[in-house]
Ligand code: FES
């Protein structure tokens, strides 16, 4: 069995047309034509005639939940989500960035998505490795079953086994590559602060030019800000022009949060984000 | 020459700072490597303070707060506990020795615990040696920070 992308595209188009014509939603967030097949772009359909530009193929990896926060509160939004994206939507609802009533969620079950830059299959190595959206109003296509389920945290073993010095050398090498284009921040559905801490001048949290310690400060703090919120879509690493494996660190933090607080990000609307919540029975063990 | 670590202490106003005061008034001896910054509650501590402290040359960071459940603002340190636990994991995965960062709950009446913790932590950091990984080689002048 494989995913029929054409069929999903057709369904997406017909759903979008219906929603826009009936006036149920103001915008539809989906994917549109890029300069070629392999580079579809995030696309916003505002009227029924825009719908013909919608595409969906295996290169549509972008996380459209990124664009929800750009619209004023109360805008009715329809959004096309894959598995990880739906978790981002849930996380945004948890954080009260958007109301569930204002959303029409078009779920897309998919696997075998490809990274346009490398052509590699996007799987549990760089993302959460889920196939079916966690939340949706309409499911476009059939739920995926019978695919092997691999823990998204398996890739970490190699890095956790490294000794401290080697790990520091690894991260130093990787983070020194950063050119501070902030593509990771722009692609991330959870990075919506305005202004971002690194853009502040008073206090100045870190150097703004691309050199080691500024990079270190920016990335470490970003990892921290996404603790318990990162839904592991891997979009930051795909957006990165210098290929820093940011997903590794995010996965590690997500794993620790899951172990310590017993809850994964973006799995249920009822949850509260782990770091704005506490349990009285949390133990001091987590600090050791 | 012997290595003298620089340690940043961030203490909550209601418990640990008062505890430190008590340690002082009861004339307990503890190493002078600690520079204490007072904050109103342990949940006031932005994790970036800790990263930044390491960058600006701290060899260790000690965070003190009220005992869980005793926070002056009721729940502040319960949030802080989760947050600082994550900070610790991040430092560890980045390659900083976890022994350089410690969170302790010290109440206002525990002057001797304060002195003990500081002595022990200073020893621990001394054994780990200077912290060079995060440290910015050329420190910006104070006005520029
Ligand atoms: S007041 Fe001491 S930890 Fe909150």
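Chains as they are written, first to last, in our numbering: chain A, 568 to 855; chain B, 139 to 283. Note that beta-carbon positions come from the ideal geometry of N, C-alpha and C, so glycine has one too.
**Asked** For residue 270 of chain B, does the count of other Cβ atoms within 10 angstroms reach 16, so buried, or fall short, so exposed?
**Response** exposed
Comparing C-alpha positions only, which one of A:650, A:708, A:626, A:689 sits nearest to residue 582 of chain A? A:708
- residue 226 of chain B: which of A:670, A:794, A:829, A:799 sits nearest, CA to CA? A:794
Q. Using a Cβ cut-off of 9 Å, which residues of the segment 768 to 784 of chain A contact any Cβ in chain B, in chain order?
A. 770, 771, 772, 773, 774, 779, 780, 783, 784
**Study point:** Contacts that residue 217 of chain B makes with chain A (C-beta to C-beta distance below 9 Å)
**Key:** 842, 843, 844, 845
- Message: For the pair the segment 827 to 839 of chain A and the segment 204 to 217 of chain B, tell me if three or more CB-CB distances fall below 8 Å.
- Response: no
For residue 545 of chain A, which residues from the same chain have a beta carbon less than 6 Å from its beta carbon, with the 5 sequence-adjacent residues on both sides left out?
Nothing in the structure corresponds to residue 545 of chain A, since chain A is present only between 568 and 855.
*Ordered list of alpha helix (DSSP H) runs contained in the segment 774 to 823 of chain A, each at least 4 residues*: 779 to 792, 802 to 806
Within 7 Å: the Cβ of residue 217 of chain B and any heavy atom of ligand 1? no
What residue range is occupied by the uninterrupted beta strand (DSSP E) comprising residue 610 of chain A?
608 to 612
For residue 168 of chain B, which residues does DSSP report across the bridge? Per DSSP, none; premise fails for residue 168 of chain B.
Note to self: Since residue 754 of chain A and residue 803 of chain A should fall inside the 8 Å C-beta cutoff, what is the C-beta to C-beta distance between them, to a whole number of angstroms?
What the structure shows: 6 Å
Quiz item: Does the Cβ of residue 780 of chain A lie closer than 7 Å to at least one heavy atom of ligand 1?
Solution: no
What residue range is occupied by the uninterrupted alpha helix (DSSP H) comprising residue 263 of chain B?
249 to 266
Original post:
Listed in chain order, which residues of the segment 192 to 226 of chain B have Cβ atoms closer than 8 Å to some Cβ of chain A?
Top reply: 193, 206, 207, 213, 216, 217, 219, 220, 221, 222, 223, 224, 225, 226
Item to complete: Provide the residue span of the alpha helix (DSSP H) that contains residue 737 of chain A, from first to last.
Response: 731 to 743
Any heavy atom of ligand 1 within less than 5 Å of residue CB: hits in chain order: B:150, B:152, B:153, B:179, B:180, B:203, B:204, B:209, B:210, B:214, B:215
Where does residue 688 of chain A fall in DSSP's three states? strand
Given a cut-off of 8 Å, decide if residue 569 of chain A and residue 679 of chain A are closer than it, judged by their beta-carbon atoms.
yes
Please confirm if residue 854 of chain A has its CB atom under 8 Å from at least one CB of chain B. yes
Check your understanding: For the putative contact between residue 663 of chain A and residue 641 of chain A, defined by C-beta atoms under 8 Å, what is the C-beta separation to the nearest angstrom?
Key -> With 8 Å as the limit, residue 663 of chain A and residue 641 of chain A do not qualify as a contact, their Cβ atoms being about 13 Å apart.
Beta strand (DSSP E) segment containing residue 147 of chain B, residue limits | 145 to 150
Quiz item: Does residue 724 of chain A come within less than 8 Å of chain B when only Cβ atoms are used?
Solution: no
Using DSSP bridges, identify the partner residues of residue 201 of chain B. B:148, B:241
**Asked** So which residues of chain B does residue 791 of chain A contact, with C-beta pairs closer than 7 Å?
**Response** 185, 224, 225, 228
request  = Could you say which of B:224, B:252, B:234, B:232 lies nearest to residue 823 of chain A if we only look at CA atoms?
outcome  = B:224
- residue 721 of chain A to residue 239 of chain B, Cα distance in whole Å? 28 Å
Checklist line | Whole-angstrom C-beta distance between residue 249 of chain B and residue 160 of chain B, which should lie under 8 Å | finding: 3 Å
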